[in-house]
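Read left to right, the sequence shown gives residues 1431 to 1662 (our numbering).
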Amino acid sequence: MADDLDLNTLGDEELVAQMHDDLYDGLKTEIEDAVHILLNRGWTPYDVLTQALVEGMRIVGLDFRDGILFVPEVLMSANAMKGGMSILRPLLAETGAPKVGKMVIGTVKGDIHDIGKNLVGMMMEGAGFEVIDLGINNGVEKYLAAIEEHRPDIVGMSALLTTTMPYMKVVIDTMKEKGIRDDYVVLVGGAPLNEAFANSIGADAYCRDAAVAVETAKAFMAKRHAATASRA
Ligand code: B1M
């Protein structure tokens, strides 16, 4: 951002475009300031998240793919994105509703991408779920330990690399071996996945994005509650 540019003077559309540029340039402070400005102007946290931050990161992703941006630059963009997300997180979680269910979520072994997973966690919290976030690079033993400790309703896995997505099957197969697979709903997501892949590894559903993850999780919880009620 030009040193003399006052973000407050920009209209909403210009400000969002400026945020895309600032995210591209990895300017965390500017992103945080702009998030506050949009919120003060009455934007919902969800709109700030999707229109300003997620869209900005999508643009970064295109130039990363095309070899215009490199890892250090993308790390700075990711850092700026996280700055914005940390302001929105408590606002999205502020529903005050009773907990709808519990989810354990993590990025699989070998994979350190966490922006999408964090977003899913934030949106799930916002929808009234308790979320236990295992972070990145999780081997099967981490998932099993978390399942044992937290007894979630849902196990969520994220993978952003074609080389790490097959690891989701390792986790599901191990759950099967231990005889606990059917006790949990397993949801998977991440840019290189699709529904066919999710079916092939034995997941319950593929979630294209965070909003779909929330809808899918709610639908499975409704089924679970209906099944429990019919047994009672
Ligand atoms: Co990486 N990276 N990266 N990267 N990176 C991708 C994934 C890539 C597609 C870029 C490209 O070439 N176009 C490519 C993968 C190619 C492939 O596998 N076919 C790639 C590569 C190659 C790499 C490295 C190997 C690069 C290198 O070192 N040479 C390396 C791998 C490191 C590793 O993990 N071992 C690497 C490193 C990095 C950074 C560290 C620089 C950084 C990560 C920072 C971080 O996450 N803290 C990074 C980033 C930022 C990206 C891109 C640009 C953006 C990812 C992102 O955050 N998207 C990405 C390009 C892209 O995806 N277009 C890329 C925004 C986010 C909101 O979307 O994560 O898709 P996404 O999440 C969505 C949905 O997918 C879904 O909901 C989310 C929200 O709507 N979802 C779930 C995700 N997880 C879910 C879990 C669920 C449900 C839904 O559970 C229920």
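Glycine residues also receive a C-beta, built at the ideal position from the N, C-alpha and C atoms.
Asked                                                                                                                                                                       : Found
Could you pull the start and end residues of the alpha helix (DSSP H) that Leu1617 belongs to?                                                                              : Element bounds for Leu1617: not the alpha helix (DSSP H) but the beta strand (DSSP E), Val1615 to Gly1619.
Opposite Thr1537 in the DSSP bridges: which residues?                                                                                                                       : Ser1588
Excluding the 5 residues preceding and the 5 following Gly1586 in the sequence, name in chain order all residues of the same chain whose CB lies nearer than 6 Å to its CB. : Met1533, Ile1535 and Leu1617
Using CA atoms only, rank isn't needed, just tell me which of Ala1643, Lys1599 and Gly1540 is closest to Gly1556.                                                           : Ala1643
My output table needs one value for Gly1531: the three-state DSSP class, helix, strand or coil.                                                                             : strand
Would Val1504 and Ala1640 qualify as a contact pair, given that the criterion is a beta-carbon distance under 7 Å?                                                          : no
Give the range of the beta strand (DSSP E) segment to which Phe1559 is assigned.                                                                                            : Phe1559 to Asp1563
Reducing DSSP to helix, strand and coil, say where Ala1635 ends up.                                                                                                         : strand
Restricting to Cα atoms, I'd like to know which of Met1598, Gly1486, Met1553 and Phe1500 is closest to Arg1519.                                                             : Met1553
Should Gly1569 and Lys1539 be called a contact, given that it needs their Cβ atoms to be closer than 7 Å?                                                                   : yes
Identify which residue in Glu1485, Asp1603 and Thr1459 has its Cα closest to the Cα of Ile1517.                                                                             : Thr1459
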